[in-house]
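Numbering (my numbering), first residue to last: 17 to 165.
Backbone N, C-alpha and C fix where the C-beta goes; we use that ideal spot for every residue, glycine too.
Before any comments, here is the structure.
Rendered as structure tokens:
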């Protein structure tokens, strides 16, 4: 007499189907989360770069003023986002002889960028958080700087 194995086949098929489906779904979830992390990282870096470039434009515009006979500070306000892709950031302005550097660093991760620009006026080192900023030519110190508004 032969053994009856018909009932085993549907159970094994169902177990294999569930196992393969679980592996495929897990792979998709892991791959998707990695893709999202990469996109978020790129979004934050681009946002920080945009802030740095905008601030460099503001400083270059102020640098073009003739400050020889100025008796009071020259300033104008600029507004930048408080957060980039949900992360806060800090701006650090560092002077150089003919090139200054703006470092824009995320406070929530190690994401950072820097923007260099040419300057004629000296640049005073300053550090501010994102948001509403004031770009200033400080007559007393004789330099360009960035301040929180």
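- When only Cα atoms are considered, residue 50 and residue 103 end up about 19 Å apart.
- Three or more pairs of CB atoms, one per stretch, sit closer than 8 Å, so the stretch 61 to 70 contacts the stretch 120 to 129.
- The residue from 90, 75, 26 and 42 with its alpha-carbon nearest to that of residue 141 is 75.
- Under the 10 Å beta carbon count, residue 84 is surrounded by fewer than 16 other beta carbons and is classified as exposed.
- Under DSSP, residue 104 shares a beta bridge with 99.
- Spatial neighbours of residue 38 in its own chain (CB-CB distance under 8 Å, excluding positions within 5 residues in sequence) are not present.
- Taking the CA atoms as reference points, residue 114 sits about 35 Å from residue 55.
- The residues 119 and 143, in chain order, have a CB closer than 6 Å to that of residue 108 in the same chain once the five nearest residues on each side in sequence are set aside.
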